[in-house]
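To convert a position in the sequence shown, counted from 1, into our numbering, add 1099.
All C-beta atoms, glycine included, are put in the ideal place defined by N, C-alpha and C.
None of these values were measured; they are calculated from a predicted model.
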Amino acid sequence: MKYYRIMTILWFCICLAIMASAQSTFTLRPADQSLSKSELQYAGEIIEQRLSAAQVELLTIETHPNDLKVVLRSEISPEYLKLLLTTRGDIQFRPALDRDAFEQIISGYEAISALVDSLERVAPESSTDDYLLEMETKQSAHILKRVNQMMSKPLAGQLEIVEDLPDASGKIRLYGLPKTDTMQLGREDIADIRMEQTSGGDRIWIDLSEVGAKKFATMSEQQLHKTIAVIIDDLVIMAPRVHEVMTGDKVQITGLWQEGGDRVLYAILSTDILPAVFKVQ
1100 MKYYRIMTIL
1110 WFCICLAIMA
1120 SAQSTFTLRP
1130 ADQSLSKSEL
1140 QYAGEIIEQR
1150 LSAAQVELLT
1160 IETHPNDLKV
1170 VLRSEISPEY
1180 LKLLLTTRGD
1190 IQFRPALDRD
1200 AFEQIISGYE
1210 AISALVDSLE
1220 RVAPESSTDD
1230 YLLEMETKQS
1240 AHILKRVNQM
1250 MSKPLAGQLE
1260 IVEDLPDASG
1270 KIRLYGLPKT
1280 DTMQLGREDI
1290 ADIRMEQTSG
1300 GDRIWIDLSE
1310 VGAKKFATMS
1320 EQQLHKTIAV
1330 IIDDLVIMAP
1340 RVHEVMTGDK
1350 VQITGLWQEG
1360 GDRVLYAILS
1370 TDILPAVFKV
1380 Q
């Protein structure tokens, strides 16, 4: 009898440990602006909707004067959970610069040209017409900071350098986006966002409005044999090369490659935009 009692207690402790290991607590604070109580409550409602759409179990969510405290249980990776909780969710389709256009823009700026040349000498095979530079994740923050520090005001008015998420091998790519006289698509051009479950996994479809479909056709014609970057906030989630003019009103997107990634992406895009970018304290 004593043996069974000990085994029961041991099993109970194991179950508690498993439950605790899957439970996570996040304190979320607006990154660069203060929000009113009603705005924080609204942000909490959006986060609750996102967690539900991503099939994440929300245990509690509390609104405090300057932040939100979220307790949840999920098997989704911590970095994807942070995206789900902190990203505003502003999606854009933007033309990306090819190598020739990028080098033409920076040619008159010696400091940034020298930096790019030095980076390419370190990794000569890391740049293509599809992106500017590929690097290890641990290098990316330092390199992107150096690039942005060396961007003079005139150059910063013409060019924006953004990065994507790490791929399965831990690599990150930098992309150059023009900032002047370029066509963009945003949420206002989207009629609907759907997630389709297939034998090959989840697929996310964007239905463009009539205006959005016309803009996308024009953009794909202008970017033929070049790339279009799909961006959420300032993060590239995919940048496909355009092989033909796209005249339909449906676009399939992906970009989060780990388990549950497409659910996270769908949850961000199918709910309202957060009133601010949040950071995890």
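Cross-strand partners of residue i (DSSP beta bridge)
| i | result |
| --- | --- |
| D1301 | Q1296 |
| A1328 | R1193 |
| R1340 | T1326 |
| Y1365 | For Y1365, which the question treats as bridged, DSSP gives no partner whatsoever. |
| S1123 | L1171 |
| E1202 | According to DSSP, which records beta bridges pairwise, E1202 is partnered with nothing at all. |
| V1261 | Y1274 |
| K1378 | R1128 |
| D1291 | D1306 |
| I1160 | V1169 |
| K1349 | D1306 |
| M1234 | I1271 |
| L1334 | E1262 and I1331 |
| L1284 | F1192 |
Rounded straight-line distance, which links the Cα of residue j to that of residue i
| i | j | result |
| --- | --- | --- |
| E1202 | S1212 | 8 Å |
| L1150 | Q1283 | 29 Å |
| S1123 | K1181 | 11 Å |
| K1237 | G1269 | 9 Å |
| L1373 | L1214 | 36 Å |
| I1145 | H1163 | 16 Å |
| Q1132 | N1165 | 10 Å |
| E1142 | T1370 | The residue asked about is misnamed: residue 1142 is Ala in this sequence, not Glu. Roughly 11 Å separates the two Cα atoms. |
| T1279 | L1243 | 21 Å |
| H1241 | A1153 | 32 Å |
| M1118 | L1157 | Summary for M1118: the model assigns pLDDT 49, below 50, so the residue's position carries little reliability; its value from the coordinates is reported in the next sentence. Going from the Cα of M1118 to the Cα of L1157 covers about 13 Å. |
| N1247 | E1358 | 32 Å |
| Y1365 | I1204 | 35 Å |
| V1170 | E1147 | 11 Å |
| L1134 | D1216 | 43 Å |
| V1261 | E1235 | 15 Å |
| A1255 | R1128 | 28 Å |
| S1251 | D1348 | 39 Å |
| D1301 | G1354 | 12 Å |
| T1281 | R1245 | 26 Å |
| K1136 | T1159 | 18 Å |
| E1174 | S1298 | 21 Å |
| E1259 | T1346 | 28 Å |
| Q1257 | S1308 | 29 Å |
| S1176 | L1139 | 25 Å |
| S1239 | V1155 | 30 Å |
| P1223 | Q1321 | With a pLDDT of only 48 at P1223, under 50, the local geometry of the prediction cannot be trusted, and the value read off the model is given with reservation. So the alpha carbons of these two residues sit roughly 29 Å apart. |
| W1304 | S1206 | 39 Å |
Nearest-angstrom Cβ-Cβ length linking residue i and residue j, presumed shorter than 8 Å
| i | j | result |
| --- | --- | --- |
| V1376 | A1130 | 4 Å |
| V1381 | S1319 | Nothing in the structure corresponds to residue 1381, since the chain is present only between 1100 and 1380. |
| K1314 | D1288 | 6 Å |
| T1185 | V1379 | 6 Å |
CB of residue i within 8 Å of CB of residue j, strictly
| i | j | result |
| --- | --- | --- |
| M1310 | I1327 | A quick correction: the sequence has Val, not Met, at residue 1310. No, the Cβ-Cβ distance between V1310 and I1327 is not below 8 Å. |
| R1172 | D1332 | no |
| V1329 | F1125 | no |
| I1352 | L1183 | no |
| E1233 | R1272 | yes |
| E1161 | K1168 | yes |
| L1196 | G1275 | yes |
| A1316 | D1306 | no |
| A1338 | Y1230 | yes |
| D1189 | R1286 | yes |
| P1277 | P1194 | yes |
| A1200 | M1249 | no |
Under 8 Å: do the stretch 1285 to 1295 and the stretch 1248 to 1268 share three or more Cβ pairs, one atom per stretch? no
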